Amino acid sequence: MLHHQTTIHEGRRDFTCDKCEKKFGSNSNLLRHQKVIHEGRKDFACDKCMKEFGSKQNLLLHQKTVHEGCKDYSCEKCEKKFRDKNYLLIHQNTVHESRKDYPCDNCEKKYRQKSDLLRHQKVIHEGRKDFACGKCEKRFGVKSDLLKHQKVVHESCKDYSCDKCEKKFGQKLDLIRHQTTVHEGRKDYACDKCQKKFGEKSSLFKHQRIIHEGRKDHVCDNCKKKFGLKTDLLKHQKTVHEGRKDFVCDKCQKKFGQKTTLLKHQRTVHDGRKDYACDKCEKKFGYKWLLLFHQKTIHEGRKDFACDQCGGKFAYKSTLLFHIKTIHEGRKDYPCDNCEEKFGQKTTLQAPKNSLRLSERLCM
Numbered sequence: 001m002l003h004h005q006t007t008i009h010e011g012r013r014d015f016t017c018d019k020c021e022k023k024f025g026s027n028s029n030l031l032r033h034q035k036v037i038h039e040g041r042k043d044f045a046c047d048k049c050m051k052e053f054g055s056k057q058n059l060l061l062h063q064k065t066v067h068e069g070c071k072d073y074s075c076e077k078c079e080k081k082f083r084d085k086n087y088l089l090i091h092q093n094t095v096h097e098s099r100k101d102y103p104c105d106n107c108e109k110k111y112r113q114k115s116d117l118l119r120h121q122k123v124i125h126e127g128r129k130d131f132a133c134g135k136c137e138k139r140f141g142v143k144s145d146l147l148k149h150q151k152v153v154h155e156s157c158k159d160y161s162c163d164k165c166e167k168k169f170g171q172k173l174d175l176i177r178h179q180t181t182v183h184e185g186r187k188d189y190a191c192d193k194c195q196k197k198f199g200e201k202s203s204l205f206k207h208q209r210i211i212h213e214g215r216k217d218h219v220c221d222n223c224k225k226k227f228g229l230k231t232d233l234l235k236h237q238k239t240v241h242e243g244r245k246d247f248v249c250d251k252c253q254k255k256f257g258q259k260t261t262l263l264k265h266q267r268t269v270h271d272g273r274k275d276y277a278c279d280k281c282e283k284k285f286g287y288k289w290l291l292l293f294h295q296k297t298i299h300e301g302r303k304d305f306a307c308d309q310c311g312g313k314f315a316y317k318s319t320l321l322f323h324i325k326t327i328h329e330g331r332k333d334y335p336c337d338n339c340e341e342k343f344g345q346k347t348t349l350q351a352p353k354n355s356l357r358l359s360e361r362l363c364m
């Protein structure tokens, strides 16, 4: 009775842990804390799944909720059920009252639960990644992310299928994101600097970091080329330095280093699609970069490539290089097979299709 009054109604906690300074209302709770937290002991094992627990109370709760499926606590506002009263209270505070009582003192981001705040500080501000994958050495800040990684990447589990295109995903969140962005076309995240919109918040952050801040944090250790995204660095290393071309066109057997390049090739070469039309002359192009290049050089008349030897300007870098090679270096790499005459470009060596070869006329 006295213990109940002092701990519950008076809130006294007279027993302090000498390792972490946490306080407890009873000596038994202190000893249990030291045994489980600091000694890592888990003396209570579930006889159905062999999961271990530090206290008998947590074991019984596990058996009741997980194996028996009991959820005794219902929300009076949405009738959602919970296995633990604490989860119900958290649900009510965060979902129905929208409370975020735990602000981060480093970035002012707020969280609904203290555990989420502590996880955020540890992973984001301290940069800790305490959970390493035993198969690929990749590290994670949160254990749940490690488990998801192992399941999706190493076990190839994709349990969530899209009912519109049958594409499969390893996580339900990825499926929902796919449906909202791809099939519904939603782009809810707008850049405040250029108004470009994105379907995912992470894509917006990447855009701002790379485009507006100009950050390229991923450096190739072979050629020191920098990239804004790690995926682009890995693609670069695989295709440029390893020379891998893993994507083969089933129509002409041409090989490509990236799947996107293969798809563009099939769309433009084999399907004959030209989806990018010039709004000034209606000329169409198979690639967007060709359209932009056309507008810049033809309609704007830009010549951005200048010769440092004579000051001549060119619209194309290839034309500048050819100019330097043939004019200033005097190279003639194309010999006539009928005489000893040499030419600076292959097109000069050959006449139009309906006439004799220029070399033949010169040799006559």
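The sequence shown finishes on residue 364 if you use full-length UniProt numbering, and the numbering steps up by one all the way, no holes.
Ideal placement from N, C-alpha and C gives every residue a C-beta, glycine not left out.
Everything numeric in this text was worked out from a predicted model, so none of it was measured.
Residue i vs residue j beta-carbon contact at 8 Å
i: Gln171; j: Lys187; result: no
i: Gln57; j: Cys46; result: no
i: Cys191; j: His207; result: yes
i: Leu173; j: Tyr189; result: no
i: Lys325; j: Lys313; result: no
i: Leu146; j: Tyr160; result: no
i: Lys100; j: Lys110; result: yes
Nearest neighbour of residue i, chosen from the options [CA to CA]
i: Lys48; options: Val66, Gln34 and Gly54; result: Val66
i: His218; options: Arg209, Lys230 and Lys255; result: Lys230
i: Gly40; options: Ser55, Asp333, Cys46 and Leu173; result: Ser55
i: Gln92; options: Pro103, Cys78 and Gly25; result: Cys78
i: Gly286; options: Val269, Gly301 and Thr297; result: Val269
i: Lys143; options: Ser156, Glu155, Arg128 and Cys157; result: Arg128
i: Phe319; options: Glu340, Lys296, Gln345 and Asn338; result: The question names Phe, yet the displayed sequence has Thr at residue 319. Comparing Cα positions, the closest option is Gln345.
i: Gln253; options: Gly243, His241, Gln266 and Glu242; result: Gln266
i: His154; options: Lys135, Lys168 and Cys162; result: Lys135
i: residue 365; options: Lys138, Gly228 and Phe140; result: Shown here, the chain extends from 1 to 364; a query on residue 365 therefore has no answer.
i: Thr261; options: Cys249, Lys158 and Asn86; result: Cys249
i: Lys193; options: Glu213, Arg177, His178 and Thr181; result: Glu213
i: His183; options: Ser202, Lys196, Asp163 and Lys201; result: Asp163
i: Ser115; options: Ile90, Cys133, Ala132 and Lys317; result: Ile90
Supposed contact pair residue j and residue i - C-beta distance, whole angstroms, cut 8 Å
i: Arg13; j: Lys23; result: 4 Å
i: Leu88; j: Cys70; result: Going by Cβ atoms, the distance from Leu88 to Cys70 rounds to 13 Å, so no, they are not a contact pair.
i: His294; j: Lys283; result: 7 Å
i: Lys255; j: Lys245; result: 4 Å
i: Phe15; j: Ser26; result: 7 Å
i: Asp84; j: Tyr102; result: The Cβ separation is near 20 Å, so there is no contact.
Buried versus exposed, by CB contacts within 10 Å (16 or more), residue i
i: His96; result: exposed
i: Leu234; result: exposed
i: Met364; result: In this predicted model, Met364 has a pLDDT of only 34, less than 50, meaning its place in the structure is not dependable; the value taken from the coordinates is given anyway. With fewer than 16 other Cβ atoms within 10 Å, it is exposed.
i: His125; result: exposed
i: Lys259; result: exposed
i: Asn354; result: Interpretation of Asn354 is limited by its pLDDT of 40, a score under 50 that renders its predicted location unreliable; the figure taken from the coordinates is listed afterwards. So Asn354 ends up on the exposed side.
i: Leu117; result: buried
i: His323; result: buried
i: Leu291; result: buried
i: Arg361; result: Residue placement at Arg361 is flagged as unreliable, the pLDDT there being 37, under the threshold of 50; the coordinate-derived value follows with that caveat. Exposed is the call here.
i: Cys20; result: exposed
i: His38; result: exposed
i: Leu30; result: buried
Element boundaries [alpha helix (DSSP H), containing residue i]
i: Asp308; result: Premise fails: Asp308 is in no alpha helix (DSSP H) and is neither H nor E.
i: Ser203; result: Lys201 to His207
i: Gln57; result: Lys56 to His62
i: Ile176; result: Lys172 to His178
i: Arg119; result: Lys114 to His120
i: His236; result: Lys230 to His236
i: Ile90; result: Lys85 to His91
Residue i beta carbon near the ligand NAD (any heavy atom closer than 7 Å)
i: Gln121; result: The ligand NAD is not among the ligands present in this structure, which contains no ligands whatsoever.
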